[in-house]
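This report concerns only the one structure given below.
2 protein chains.
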Amino acid sequence: MARQGLSKDSVVRAAVCLIEEKGFQQFSMGKLAARLHVKTASLYNHIESLEKLLECIGGEAVRRLVWLENQAIAGKRGEEALFALAEAYRAFAREHCELYRVIMAFPKWNNPALEQEAGEIVTPILKVLSGYGLTEMQQFHWQRVLRAVMGGFAFHEQSGGFAHFPADRDESFRIAVRCVADGLQRAGGGDGEDGKGNFI
Amino acid sequence: MARQGLSKDSVVRAAVCLIEEKGFQQFSMGKLAARLHVKTASLYNHIESLEKLLECIGGEAVRRLVWLENQAIAGKRGEEALFALAEAYRAFAREHCELYRVIMAFPKWNNPALEQEAGEIVTPILKVLSGYGLTEMQQFHWQRVLRAVMGGFAFHEQSGGFAHFPADRDESFRIAVRCVADGLQRAGGGDGEDGKGNFI
DNA sequence: GCCCCTAACTAATACTATTAGTTTTATTGT
DNA sequence: ACAATAAAACTAATAGTATTAGTTAGGGGC
């Protein structure tokens, strides 16, 4: 019936739009099919299952996030890069909160396709950390510390867990990133503070 | 038939058990009803909806977490209390991961009943922070920093996002908490016990 | 022993994802 | 231009989800 040349890619793209518009909670195969003027079963010609579709959506979300992170740290280093990265992460979580939810919703990042994306998540972070004179093992640890802070802050902020105190959340975030920045400084030997002339 | 005197409390308790055993993903009204040897519709004599039930379960989970936190910091102060609190939080997230998932699953922490619990979450944290000589506003900020670190770490660890590097996660966690501890020290005026509220 | 409240039931509705099998359409080869 | 083929979209059906309305029956208070 009036076939419109739907493809896996167009389905994923439509799903991303629908989620950003109506929210992740509201999303369903039926709603997506209706949006594409197609019966629900027809979607299965292009995707294997809802789970796989969500993995594609999550992959797309991660790619966008990583792109913004790389954009943010381009030409920067040291603390400037660190703050820019963190701000970009938080901005994404706020401005694309429904898409960010999809990322968070995965119970396990076991899927091989997602591990690829997972690796790209770490790339800009390691790029920032590379300016601090850390050992490789320290980089592994501090990468986790930074992701914990950024992810934890975004999560709590989104779920409303940070709403119960009359304190500016932007300021809280700055303090958190400052805390990591100082910790990194100390871990790196304390000799690389000016953020521009230092290299390892 | 053969009515067994089910109550809201026993339903919630059974739901908690079922979730801890079979996982949050597997949970459903039907499964819970089967576990209680009752038809699904019968549950609605005791609870209003799945959403309300999950709120009760989340409340129970939070109460248990807060209890463990308070247990952990009892008789301690300063850094010792801080590390004990963080360890207790992470231990709960690991040992009761399915229950922890319920807490994380709330899209919005708006419900008035949950706000009560939310307040109790902060209590042990503020108790720990009270030894650092912070202003009230600083306590509000650092409470968020600490929750972000603990929550973010637990989340990433659970979703497998921290699995991709050959680095000990315990050590990563220690580094993260150490980072916060040092940040607090600095914010409180360099004295972990009786700081006089020096500003940064 | 009777009454009443309500726990538990049956039945039905409206969703959800998913599969099997069928029709229709576009493209490709001759 | 025409037949063959691959696949896009369909219909129909299944099994799962939460939820509501209306009915039956059991236990506690009188």
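Protein sequences, first through last, are from chains A and B.
Letter by letter, the first sequence follows residues 269 to 468 of the working numbering.
Letter by letter, the second sequence follows residues 269 to 468 of the working numbering.
For glycine and all other residues, C-beta sits at the position ideal for the given N, C-alpha and C.
Close Cβ partners of residue i (< 8 Å) along its chain, the five nearest in sequence each way excluded
| i | result |
| --- | --- |
| Pro380(B) | none |
| Trp377(B) | Glu383 and Ala386 |
| Ala282(B) | Leu300, Arg303 and Leu304 |
| Gly413(B) | The question names Gly, yet the displayed sequence has Val at residue 413(B). These residues qualify, in order along the chain: Val448 and Gly451. |
Nearest neighbour of residue i, chosen from the options [CA to CA]
| i | options | result |
| --- | --- | --- |
| Glu366(B) | Lys290(B), Ala455(B), Ile341(B) and Arg358(B) | Lys290(B) |
| Arg271(B) | Arg281(B), Gly298(B), Lys307(B) and Gln294(B) | Lys307(B) |
| Leu322(B) | Ala354(B), Ala352(B) and Val279(B) | Val279(B) |
| Leu318(A) | Arg358(A), Ser296(A) and Cys447(A) | Ser296(A) |
| Gln294(B) | Glu439(A), Ala422(A), Lys299(A) and Pro375(A) | Pro375(A) |
Short Cβ contact (7 Å threshold) for residue i with residue j
| i | j | result |
| --- | --- | --- |
| Val417(B) | Gly420(A) | yes |
| His305(A) | Lys276(A) | no |
| Phe433(A) | Phe408(B) | yes |
| Leu311(B) | Ala449(B) | no |
| Ala431(B) | Met405(A) | no |
| Cys447(A) | Cys447(B) | yes |
| Arg358(B) | Ala422(B) | yes |
Residues of its chain near residue i, where Cβ-Cβ distance is below 7 Å and the 5 sequence neighbours each way are ignored
| i | result |
| --- | --- |
| Gln411(B) | Val390, Ile393, Leu394 and Leu397 |
| Ile371(A) | Gly326, Ala329 and Val330 |
| Gly298(B) | Thr308 |
Burial state of residue i (16 or more Cβ within 10 Å)
| i | result |
| --- | --- |
| Ser427(A) | buried |
| Ala356(A) | buried |
| Ile287(B) | buried |
| Gly429(A) | buried |
| Cys285(B) | exposed |
| Ala444(A) | buried |
| Ala241(A) | Given a span of 269 to 468 for chain A in the structure shown, any question on residue 241(A) remains unanswerable. |
| Ala352(B) | buried |
| Gly273(A) | exposed |
| Ala302(B) | exposed |
| Ala309(B) | exposed |
| Ala342(A) | exposed |
| Glu363(B) | exposed |
| Glu461(A) | No answer about Glu461(A) holds up, because its pLDDT of 44 lies below 50 and its placement is not dependable. |
| Phe467(A) | With a pLDDT of 40 at Phe467(A), under the threshold of 50, the predicted position of this residue should be treated as unreliable, though the coordinate-derived value follows. Per the 10 Å Cβ criterion, exposed. |
Same chain only: Cβ atoms within 6 Å of residue i, ignoring 5 sequence neighbours per side
| i | result |
| --- | --- |
| Tyr368(B) | Ala361 |
| Asn338(B) | Pro392 |
| Gly399(B) | Arg345 and Gly346 |
| Glu388(B) | Val334 |
| Leu336(A) | Ala356 and Phe360 |
| Ala373(A) | none |
Presumed contact (8 Å Cβ cut-off) between residue i and residue j, rounded CB distance
| i | j | result |
| --- | --- | --- |
| Glu425(A) | Arg437(A) | 6 Å |
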